[in-house]
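Engineer: In UniProt numbering, the protein residues as written are 1 to 267.
For glycine and all other residues, C-beta sits at the position ideal for the given N, C-alpha and C.
From a predicted model like this one, the values you see are computed outputs, not experimental measurements.
#1: Does any heavy atom of the ligand COA sit closer than 6 Å to the C-beta of residue 54?
#2: Go ahead and label residue 83 buried or exposed: buried means 16 or more other beta carbons lie within 10 angstroms of its beta carbon, across all protein chains shown.
#3: Threshold first: 4 residues or longer. Then list the alpha helix (DSSP H) segments lying entirely within the segment 48 to 130, N to C.
#4: Short check: CB of residue 226 to CB of residue 235, under 7 Å?
#5: Could you check whether the segment 136 to 149 touches the segment 61 to 81, counting it as contact only if at least three pairs of C-beta atoms, one from each stretch, sit closer than 8 Å?
#6: In three-state terms, what does DSSP make of residue 142?
#7: Going by the DSSP bridge assignment, what does residue 45 pair with across the sheet?
#8: In chain order, which continuous runs of the alpha helix (DSSP H) of length 4 or greater are located wholly inside the segment 136 to 200?
#9: Give the single residue among 47, 52, 201, 175 whose Cα lies nearest to the Cα of residue 249.
#10: Where does residue 227 sit, in a helix, a strand or coil, going by DSSP?
#11: Excluding the 5 residues flanking residue 74 on each side, which residues of the same chain have their C-beta closer than 6 Å to its C-beta?
#12: Would you call the CB atoms of residue 164 and residue 267 closer than 7 Å?
#13: Given a threshold of 16 other Cβ atoms within 10 Å of its Cβ, counted over all protein chains shown, does residue 55 qualify as buried or as exposed?
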C-alpha cells in the first residue's frame, strides 16, 4: 500500500478518518476520466493503467454505495501499479450524482434504491467492450467491488462468462427479491462463471455471519472453486482507509489475498 496523504474528492455522505487515508500517485500510469458508449448513452468512468505497453489484463472496479469517489479511484490506481487496466464506471449516473448528497440515508432513498441490477450488469458489459477497444486483454478479465459493489461482483460473475476471477469485499448476500433486484449472491451460487473470493468481517452488523455461512454452504453444494474468508474482528468496510471502519491489518492482508487470487487464476 502507498503512504497516507490529505484527502480530497470523497463522498460528503461519510465521516472521514483523515489520518489513515491512502493516496496512490499516478507515476508510471495513464489515468483519468473517460466515457464509455452504451447505445446512445455515455457512461462516465475512471480508468488507470500502466503508461507503457498494451493488452493489459482488465479489472473492473465496482463502486461502493458512495459512487466513484476518491477511494475507488485510488483502488484503480493501486491495481494499475500492479499492471492492470482498471476501470470504475459510474453506475448511478442515470439516477443521480452521489457527490451532491450529504447523508447515507438520503443517498439510499434518492439514488441507490432506484438502480436496477439489469442496468448495472449491462453497463459493466459495455465497460468490457470499451476495455477491449482500448488496450485491454479481456481474455484476462477480473472484477472486484466493495460494499454495494461487493454484491454486484457476485452477480456479475454469474452473468459474464469472460470473467476469470473475482474478489468481492463485504457485499450483501441475501435480501428480498424485487423487480430491481431479482436475485442476490445466495441465488447465483451455482451459476458462477469463475471463482470468487469473498472477503468479510466477523463484526459486520449489516451482513450477519449466518448469511455468510449460508453462501459458503451453497458454494460447497455447487462444487464451486469460490472461497470465503472472514476476518473475525473486522467490521464492515474494513478496507476503506478513509473511514473509521478501516482496519490496517485486515485491509493489507485482504489486498495480498486479492493479488494472489488474481494471479492464481491467470490475471
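Structural biologist: Considering the structure as presented:
#1: In terms of ligand content, the structure shown is empty, and the ligand COA therefore cannot be addressed.
#2: Per the 10 Å Cβ criterion, exposed.
#3: 70 to 81, 104 to 110
#4: no
#5: yes
#6: strand
#7: Paired residue(s): 34, 89.
#8: 148 to 159
#9: Of 47, 52, 201, 175, the residue nearest in Cα terms is 201.
#10: strand
#11: Excluding sequence neighbours, residue 74 sits near 24.
#12: yes
#13: exposed
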